[in-house]
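Below you'll find the structure, written out as structure tokens, and then a few comments.
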């Protein structure tokens with residue numbers, strides 16, 4: 257696919273939001289499977305030591321540059337990255353596509369009640385949106401087949417999984433052959449933001465590429481996870497020199 261770059265051995269589709277939505281719309285129209293990953297620096301770093309996760313990203317039809325660090329890395333390495341395609345923003349745009357295409361959307365994940373609240377918010381903005389179903393992410397592995405069957409019976413076209421990375425990507429990939437939905441997308445904390453139980457960084461912080469810092473200030477407990485950012489930057493700098 258055009259617009260592919262490589263960051264620390266991970267393939268990234270350097271597409272604009274518009275191009276991404278065109279690809280998704282075509283997949284829905286042609287009833288073709290599309291497994292999508294929105295990759296940030298933490299996920300790219302996980303690929304360095306986790307062969308299973310690296311293979312999953314290799315099998316995805318689209319791996320998009322979610323984190324500003326991934327965008328920076330691509331540009332620093334001399335590759336064309338038109339813009340960041342954040343998972344939250346992509347999800348909101350997908351609702352518009354789904355409404356237009358009359359595609360059914362299933363909300364899977366987050367704490368009890370959150371998926372339904374997120375669906376209600378989406379319907380308030382897109383009144384003709386068809387919600388196929390909602391289910392929280394608090395389930396054990398022995399419920400997997402039951403959940404897959406429930407999703408298939410709902411005849412959903414777009415499955416949004418808010419199980420947190422990398423769990424959501426692993427779950428979607430491991431069940432992709434059984435799932436009948438054509439668009440499979442992990443959306444992280446998107447439902448929580450939509451439901452109002454979590455806040456996204458203000459636009460000014462996003463535009464400055466400091467959404468990660470805003471999250472850290474709001475949730476100091478994320479400090480250990482955020483250490484992946486300087487580690488990522490060092491590896492990118494070192495990779496260019498060698």
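Numbering (my numbering), first residue to last: 257 to 498.
Backbone N, C-alpha and C fix where the C-beta goes; we use that ideal spot for every residue, glycine too.
Secondary structure note for residue 340: it is in no beta strand (DSSP E), with a DSSP letter that is neither H nor E. In the three-state DSSP reduction, residue 269 falls in the strand class (E or B). Rounded to the nearest whole angstrom, the CA to CA distance from residue 267 to residue 446 is 24 Å. Taken through DSSP and simplified to helix, strand or coil, residue 310 comes out as helix. When DSSP states are grouped into helix, strand and coil, residue 481 belongs to the helix group. Judged by DSSP in its simplified three-state form, residue 263 adopts strand.
DSSP places residue 294 within a strand segment (E or B) once states are collapsed to three.
For the pair of segments examined, the stretch 261-278 was found to touch the stretch 303-320: the number of CB pairs separated by less than 8 Å reaches three.
Taken through DSSP and simplified to helix, strand or coil, residue 377 comes out as helix.
A distance below 8 Å between beta-carbons, with the five flanking residues on each side excluded, links residue 435 to the following residues of its chain, in chain order: 404, 407, 408, 415, 428. The way I'd put it, the stretch 466-475 doesn't touch the stretch 364-383; fewer than three beta-carbon pairs between them come closer than 8 Å. Residue ranges of uninterrupted alpha helix (DSSP H) with 4 or more members, entirely inside the stretch 393-438 and ordered along the chain, are 400-409, 423-430.
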